[in-house]
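Trainee: If you read the sequences in order, they're chains V and L.
Our numbering puts the first residue of the first sequence at 1, with every later residue one more than the last.
Our numbering puts the first residue of the second sequence at 1, with every later residue one more than the last.
Yeah, the Cβ is synthetic: ideal placement off N, Cα and C, and Gly gets one too.
Submitted below is the structure of interest, expressed as structure tokens.
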Amino acid sequence: MATIRIPTPLRRYTNGERLIPVTAGTLAGAIAELDSRFPGLAERLLDGDGQLHRFVTIFVGEQDVRLLQGLATPLDETTEVSIIPAMAGGGGPC
Amino acid sequence: MAVTLLRCRECGAEVPAGPAYVCERCFGPLEAVYDLDALRRLPLRERIEAGPRSIWRYVDLLPVDYDPAVDLSPGMTPLVPAPRLGDALGLRRLYLKNDSTNPTWSFKDRAVEIGTAAARRFGYQVLACASTGNLANSVAAHAARAGMRAVVFVPAGIERGKIVQSAIYGPTVIEVEGGYDEVNRLCTEIGEEHRWAFLNVNLRPYYSEGGKTLAYEVAEQLGWRAPDDVVVPVASGNLMVKIHKGLGELAALGLIETAATRVHGAQAAGCAPVAEAFASGGEVRPVRPRTIAHSLAIGTPADGRYAIAAARASGGRVVAVTDDEIVDAIGLLARTEGIFTETAGGVTVATLRALAAAGALDPDGVTVAYITGMGLKTADAVAGAVAEPVRIRPSLRAFEETVLIPTA
Chain V
1 MATIRIPTPL RRYTNGERLI PVTAGTLAGA IAELDSRFPG LAERLLDGDG QLHRFVTIFV
61 GEQDVRLLQG LATPLDETTE VSIIPAMAGG GGPC
Chain L
1 MAVTLLRCRE CGAEVPAGPA YVCERCFGPL EAVYDLDALR RLPLRERIEA GPRSIWRYVD
61 LLPVDYDPAV DLSPGMTPLV PAPRLGDALG LRRLYLKNDS TNPTWSFKDR AVEIGTAAAR
121 RFGYQVLACA STGNLANSVA AHAARAGMRA VVFVPAGIER GKIVQSAIYG PTVIEVEGGY
181 DEVNRLCTEI GEEHRWAFLN VNLRPYYSEG GKTLAYEVAE QLGWRAPDDV VVPVASGNLM
241 VKIHKGLGEL AALGLIETAA TRVHGAQAAG CAPVAEAFAS GGEVRPVRPR TIAHSLAIGT
301 PADGRYAIAA ARASGGRVVA VTDDEIVDAI GLLARTEGIF TETAGGVTVA TLRALAAAGA
361 LDPDGVTVAY ITGMGLKTAD AVAGAVAEPV RIRPSLRAFE ETVLIPTA
């Protein structure tokens, strides 16, 4: 089962849980699975068009999914998925 | 003065000032909130001019109180006229903001000093950062000054000089296998689980305000007026945003008449997600960096869209220059003005040159280029581009024959 790592701002949806195992085979499936267990979570990650929210960065393995296949990125048994607030990125202030 | 509120730039949600950086509602960035009405009632100009010759003269406009324990006195760096470089580029009133004279020789000291004060305010024991080098240097130095532990994370393979310049202050230096974007992701995850002050992650709303002082100083050094054009290097895009914001604040507070400055951004073509989105009009897309300008090699710029907004709102542009142009520009700056800058400064000067050639700068207006770091940090980048020494025997004749008589 793939494992999703939940960042602090989203842990109130997961009752404080940091690591959530999922069985879905793609990132989109994993987000749907998360939402069925923790209603409202998908809305935090996806915008109105069902695309990844502008301020959310998701890594599958060590890769930004925007550089992989986006929401269609496949997950396998050992995959670690990290959800990162995009604003953390980018070093500042330059 | 210490701010009491942070506000989400996107949805406007407010939270009490603390070590938070992202809005729980929409994941947007949190920013320090100032009481501008209260500031307007202060004799700000007198207070600033009577202040220390460092960023702390602007303490009324900063998100933390002055903290002597972190004070390495960055800022108030020279704003020097650059007539010879100006001649070469067709700019009659060109100035260079030489920020390579800061305590650890880059502009990062401005932000780190404020971030370190915030870390102390919130009771952190460990100062940490993800860095391409300059930030790590500054964090290590400030931790030493404040008597804190420092742990700095850098991409494996950055310039050896930058490692030494951090290591000398006694931090733990961690080389992460990957580029800056990987280091940054790891640090964000560590910051989620451990109570460490990652200055450019969980203290970002405070830390990033340091960039504003580069706007304040230039305006004050010009006699309380804003320049017509500024050229700013872009990695995350934050500095460009903060310079634009800083000039706007000065106008809003009546310290300058207007802030009609065109704010231009400079990127390396090998890592130009902001310049590319500016040109295409689309969203900022992540890229895998490949450039000698390591300190600008951020493929997922957090403030990219805000940097583009700052350029568009001010009439500026964001453009990219090649590695060859960067090396050439480092030499041009050194030969014309006697200032040796690192690759990020080369990006700025090469972009200045490109903008001047494209007619994007007012040739009679006041143009300021921000030189954000010093050349010895990345000396390797230009080692192959300088002339070899002339070698002679220790005799007058050898000297006269070899040096005085030009060889055909």
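So, at 6 Å on beta carbons, what are the nonlocal neighbours of L:Gly-316 in its own chain, with the 5 sequence-adjacent residues on each side left out?
Mentor: Arg-262, Val-263 and His-264
Trainee: Within 10 Å of its beta-carbon, does V:Thr-78 have 16 or more other beta-carbons around it, so buried, or fewer, so exposed?
Mentor: exposed
Trainee: What in chain L is Cβ-close to V:Pro-85, meaning under 8 Å?
Mentor: Here the neighbours are Tyr-21, Val-22, Phe-27 and Thr-188.
Trainee: Taking CB distances under 7 Å as the criterion, tell me whether V:Gly-16 reaches chain L.
Mentor: no
Trainee: With DSSP as the reference, label L:Pro-394 as helix, strand or coil.
Mentor: coil
Trainee: Just tell me which of L:Thr-188, L:Ala-144, L:Gln-267 and L:Ile-330 has its CA closest to the CA of L:Asn-238.
Mentor: Out of L:Thr-188, L:Ala-144, L:Gln-267 and L:Ile-330, the CA that lies nearest to the CA of L:Asn-238 is found in L:Gln-267.
Trainee: Determine the DSSP secondary structure at L:Met-374, reduced to helix, strand or coil.
Mentor: strand
Trainee: How would you call L:Gly-27, buried or exposed, if buried means at least 16 neighbouring beta carbons within 10 angstroms?
Mentor: For the sequence presented, residue 27 of chain L should be read as Phe rather than Gly. When all chains shown are included, L:Phe-27 counts as buried.
Trainee: Spell out whether any CB of chain V is found under 7 Å from the CB atom of L:Arg-185.
Mentor: Look at L:Arg-185: its C-beta is under 7 Å from a C-beta on chain V.
Trainee: To which residues of the same chain is L:Asn-202 closer than 6 Å at the C-beta, ignoring the five residues directly before and after it?
Mentor: The residues are Pro-19, Tyr-21 and Gly-191.
Trainee: Considering only C-alpha positions, which residue in the set V:Val-60, V:Gly-70, V:Arg-44 and V:Met-87 is nearest to V:Arg-12?
Mentor: For V:Arg-12, the nearest C-alpha among the options comes from V:Arg-44.
Trainee: Let me see if you follow: with CB-CB separation under 7 Å, is V:Val-56 close to chain L or not?
Mentor: Chain L places a beta carbon closer than 7 Å to that of V:Val-56, counting this residue as a contact.
Trainee: Please list, in chain order, all residues of the same chain as L:Ala-421 whose beta carbon is under 6 Å from its beta carbon, the five residues on each side excluded.
Mentor: Given that chain L is displayed from residue 1 to residue 408, the structure contains no residue 421 of chain L and the question cannot be resolved.
Trainee: In chain V, which residues lie with their C-beta within 7 Å of the C-beta of L:Pro-286?
Mentor: Asp-64, Arg-66 and Leu-67
Trainee: Given a cut-off of 7 Å on the beta-carbon distance, is the pair L:Asp-181 and L:Thr-300 in contact?
Mentor: yes
Trainee: So is V:Asn-15 buried or exposed if we call it buried at 16+ other beta carbons inside 10 Å?
Mentor: exposed
Trainee: Nearest chain V C-beta to L:Glu-249 closer than 7 Å, yes or no?
Mentor: no
Trainee: In whole angstroms, give me the CA-to-CA distance for L:Arg-92 and L:Leu-361.
Mentor: One C-alpha to the other measures close to 11 Å.
Trainee: Keeping to the same chain, check which residues put their C-beta closer than 6 Å to that of L:Thr-4; ignore five residues upstream and five downstream.
Mentor: Ala-17
Trainee: Pull out every residue of the region 32 to 47 of chain V whose Cβ sits closer than 8 Å to any Cβ of chain L, in chain order.
Mentor: Arg-44
Trainee: Assign L:Pro-171 to buried or exposed, taking buried as 16 or more other Cβ atoms, counted over all protein chains shown, within 10 Å of its Cβ.
Mentor: buried
Trainee: Check whether the Cβ atoms of L:Ala-119 and L:Phe-153 lie closer than 7 Å to each other.
Mentor: no
Trainee: In chain order, what residues of the same chain lie with their CB nearer than 6 Å to the CB of V:Ala-32, ignoring the 5 residues before and after it?
Mentor: none
Trainee: Can you pull the chain V neighbours of L:Glu-14, defined as C-beta to C-beta under 9 Å?
Mentor: The premise fails here: L:Glu-14 is roughly 15 Å from chain V at the closest Cβ pair, so nothing lies under 9 Å.
Trainee: Given this structure, state the Cα-to-Cα distance separating L:Arg-9 from L:Arg-47, to the nearest angstrom.
Mentor: 29 Å
Trainee: L:Glu-192 CB to nearest chain V CB: under 7 Å?
Mentor: yes
Trainee: Indicate whether L:Ser-106 and L:Gly-331 have their beta-carbon atoms separated by less than 7 Å.
Mentor: no
Trainee: Comparing C-alpha positions only, which one of L:Glu-325, L:Pro-74, L:Asn-200 and L:Ala-88 sits nearest to L:Arg-145?
Mentor: When the alpha-carbon of L:Arg-145 is set against those of L:Glu-325, L:Pro-74, L:Asn-200 and L:Ala-88, the nearest one is in L:Pro-74.
Trainee: Does DSSP put V:Gly-90 in a helix, in a strand, or in coil?
Mentor: With a pLDDT of only 48 at V:Gly-90, under the threshold of 50, the placement of this residue in the model should not be trusted; the figure read from the coordinates follows. Of the three classes helix, strand and coil, the one that applies to V:Gly-90 here is coil, per DSSP.
Trainee: Short of 8 Å Cβ to Cβ, which residues in the region 150 to 184 of chain L face chain V?
Mentor: Hits within the stretch, in order: Gly-178, Tyr-180, Asp-181, Glu-182 and Asn-184.
Trainee: Can you name the residues of chain L whose CB is closer than 8 Å to the CB of V:Thr-8?
Mentor: Glu-192
Trainee: Please go through the same chain and pick out, in chain order, the residues whose beta-carbon is closer than 7 Å to the beta-carbon of V:Pro-74, but skip the five residues on each side of it.
Mentor: Gly-25 and Thr-26
Trainee: Does the beta carbon of L:Pro-19 come closer than 7 Å to any beta carbon on chain B?
Mentor: Checking the listed chains, one finds no chain B in this structure; the protein chains it contains are V and L.
Trainee: Thinking C-alpha only, which one of L:Ile-55, L:Ala-313, L:Thr-188 and L:Trp-196 is nearest V:Met-87?
Mentor: L:Thr-188
Trainee: Distance, Cα to Cα, V:Ala-72 vs V:Ala-28?
Mentor: 6 Å
Trainee: In chain order, what residues of the same chain have a beta carbon less than 7 Å from the beta carbon of L:Pro-81, not counting five sequence neighbours either side?
Mentor: The residues are Tyr-95.
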